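To start, the structure itself, in structure tokens.
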Amino acid sequence: MVATSEAQMIVAHRGASFDAPENTLASFQEAWKQKADAIEGDFYLTKDGHIVCMHDKTTKRTTGGAAELKPADATLEQLRALEVGAWKNDKFSGERIPLLEEVLATVPQNGKILVEVKCGPEIVEPLRVGLEKSSLKPEQIVIICFDDEVVKQCREKMPQYKANWLTSYKQNPETGKWSPSVKSVLNTLRETKATGLGTQARDEVVTVEFVKQIRDAGVECHVWTVNDEAQAKRYASLGFDSITTDKPAAIRHALAEG
Ligand code: G3P
Ligand code: CA
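The sequence shown maps to residues 20 to 277 in my numbering.
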């Protein structure tokens, strides 16, 4: 693990997903090769109670259109039968949708994982069991989610793990105002007892003042998804705890240059 000058953690978004098919073991292995500090992956609960790693609501895109299964309506066997690497490049043909435990097993002793929950609170108990079974230390695991109820339940039921609330922003075309407002973000952080905020890299919203208000609330500040080097430098200068990127090696290199 290589520390940057500002000590931002470099998080590989869906693995090193610029170079390898997102949310596959190939992508996570590539992230560690690129010396990411952490990997980020997306997780759903299957119909038969397994936790699988995929991003979209269905398998359509990552199977190149071959199958359109929703994880909650499919069994592990049905999902594992699908090929999810070739859409990116034929050299990745044969990649399968990984299980949570397989992704956790890639994490080295000095690495971390951001487990993004993509479904609802029904995953919380199986997730707790899955995480507690792994050989990783609690400080190596961070749960992240856009759903405030999931964050709240994770903080209550497995307080040994950090759980960060994620938000993106929408602009009202008439007023020009962005939502949620900082006040609303702060409310959600307080109500969920989130350990941090994972904010979308929306430069119009994420200003020095914005970061100050989040910091003053006593929580961590993380940003996703930054693939542009100049933008990464801006977020580093704002003092973010981590920068999530599809290109961990390139962004680390850019930040080391200063
Ligand atoms: O790290 C948070 C980020 O991954 C959320 O966006 O759509 O890429 O899962 P998404
Ligand atoms: Ca994600």
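We put the CB at the ideal spot given by N, CA and C, even for glycine. Computed from a prediction, not measured in an experiment: that's the story for all the values here.
Where residue i sits in the DSSP three-state scheme
i: CYS72; result: strand
i: MET28; result: strand
i: GLU158; result: helix
i: ALA22; result: Reliability of the predicted coordinates at ALA22 is poor, the pLDDT of 36 falling under 50, and the value obtained from them is presented with this limitation in mind. Correct three-state label for ALA22: coil.
i: CYS240; result: strand
i: ILE233; result: helix
i: TYR63; result: strand
i: ILE58; result: strand
i: SER256; result: helix
Ligand 1 heavy atom lying under 7 Å from the CB of residue i
i: GLU59; result: yes
i: LEU133; result: yes
i: THR263; result: yes
i: LEU216; result: no
i: LEU185; result: yes
i: ILE70; result: no
i: HIS272; result: no
Nearest candidate by alpha-carbon position, reference residue i, set the options
i: ILE262; options: MET177, VAL224 and GLN219; result: GLN219
i: ASP56; options: GLY217, LYS152 and VAL30; result: VAL30
i: GLY104; options: MET73, LYS89 and ILE132; result: MET73
i: LYS137; options: THR207, ALA255 and ILE70; result: ILE70
i: SER154; options: PRO178, VAL143 and THR125; result: THR125
i: ALA249; options: GLY237, GLY277 and GLN232; result: GLY277
i: PRO127; options: TYR63, PHE229 and LYS54; result: LYS54
i: ASP75; options: VAL242, GLY113, ASN42 and VAL225; result: ASN42
i: GLU49; options: GLU87, TRP197, ALA268 and ARG147; result: ALA268
Integer-rounded CB distance, given that residue j should sit under 8 Å from residue i
i: ASN183; j: GLY139; result: 17 Å between Cβ atoms; not a contact.
i: PHE37; j: ASP265; result: 4 Å
i: GLN159; j: GLY130; result: 7 Å
May I have all residues whose beta carbon comes closer than 5 Å to any heavy atom of ligand 2, sorted in chain order?
Cβ atoms closer than 5 Å to ligand 2 belong to ASP61 and GLU135.
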